[in-house]
Amino acid sequence: MRSLGKIDHIHIRVSDSARATDWYSRVLGLSPDARYRHMQDGPHGVIMMANPSGTVRLAISQEDGAGAISGAIAFVVNGQDFLEWIDQLAGERVLNSEGQTIARDSVRDQSFFCSLSFVDPFGNPFEIVSYDHTWLSGKLKLAKRAPV
Numbered sequence: 001m002r003s004l005g006k007i008d009h010i011h012i013r014v015s016d017s018a019r020a021t022d023w024y025s026r027v028l029g030l031s032p033d034a035r036y037r038h039m040q041d042g043p044h045g046v047i048m049m050a051n052p053s054g055t056v057r058l059a060i061s062q063e064d065g066a067g068a069i070s071g072a073i074a075f076v077v078n079g080q081d082f083l084e085w086i087d088q089l090a091g092e093r094v095l096n097s098e099g100q101t102i103a104r105d106s107v108r109d110q111s112f113f114c115s116l117s118f119v120d121p122f123g124n125p126f127e128i129v130s131y132d133h134t135w136l137s138g139k140l141k142l143a144k145r146a147p148v
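Heads up, the sequence shown is in full-length UniProt numbering, so the first residue is 1 and it goes up one at a time.
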């Protein structure tokens, strides 16, 4: 039976990522997680910050005029549940942020995890994440990413 595992991370949009990184580090005791360093590059770079045990993760991204939480809530599941969530969301005709119905080709290969982003009827963003990357890559026939 499909079930959500736990919250994987929460996206936080900020107007100054350096100042935010400092604040989350100083005030909340979070630090950048080196495993996600590859996600910092590009126009929509993300700094994944975590507590020492890795049980709390915030994905910090810089965006002009940002200030309130307006990002996605991400849930982590195992590989089999990830496949079932794709089918469930597709069956319910759930849309992604571009207005396209979720399907197996909606899965994003993030190098060591897979993600599926979607919105609720009000436009609130959510994400299902699975770290069963190798298994899912085979099941979904994901194309290998070029090294960065």
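We treat Cβ as the ideally placed atom computed from N, Cα and C, and that holds for glycine. None of these values were measured; they are calculated from a predicted model.
{"Asked": "Straight-line Cα distance separating Asn51 from Cys114", "Found": "22 Å"}
{"Asked": "Secondary structure, alpha helix (DSSP H): runs of 4+ residues fully inside the segment 80–141", "Found": "133–140"}
{"Asked": "For Gly99, the nearest candidate out of Ala20, Asp81, Glu127, Pro121 (CA to CA)", "Found": "Pro121"}
{"Asked": "Status (buried if at least 16 other CB within 10 Å, exposed otherwise) for Thr134", "Found": "exposed"}
{"Asked": "Ser31 to Ala103 span [Cα, whole Å]", "Found": "34 Å"}
{"Asked": "Same chain only: Cβ atoms within 6 Å of Leu4, ignoring 5 sequence neighbours per side", "Found": "Phe75"}
{"Asked": "Beta-carbon proximity of Phe112 to Val94, cut-off 9 Å", "Found": "no"}
{"Asked": "Outcome for Thr55 when other beta-carbon atoms lying within 10 angstroms are tallied against a minimum of 16", "Found": "exposed"}
{"Asked": "Cross-strand partners of Val76 (DSSP beta bridge)", "Found": "Lys6, Val129"}
{"Asked": "Cβ neighbours of Ala68 in the same chain (closer than 6 Å, five flanking residues each side left out)", "Found": "Caution applies to Ala68, whose pLDDT of 48 falls short of 50 and renders its modelled position unreliable; the value that the coordinates give is listed next. The answer is none, since no qualifying residue turns up."}
{"Asked": "Span of the alpha helix (DSSP H) around Ser17", "Found": "17–28"}
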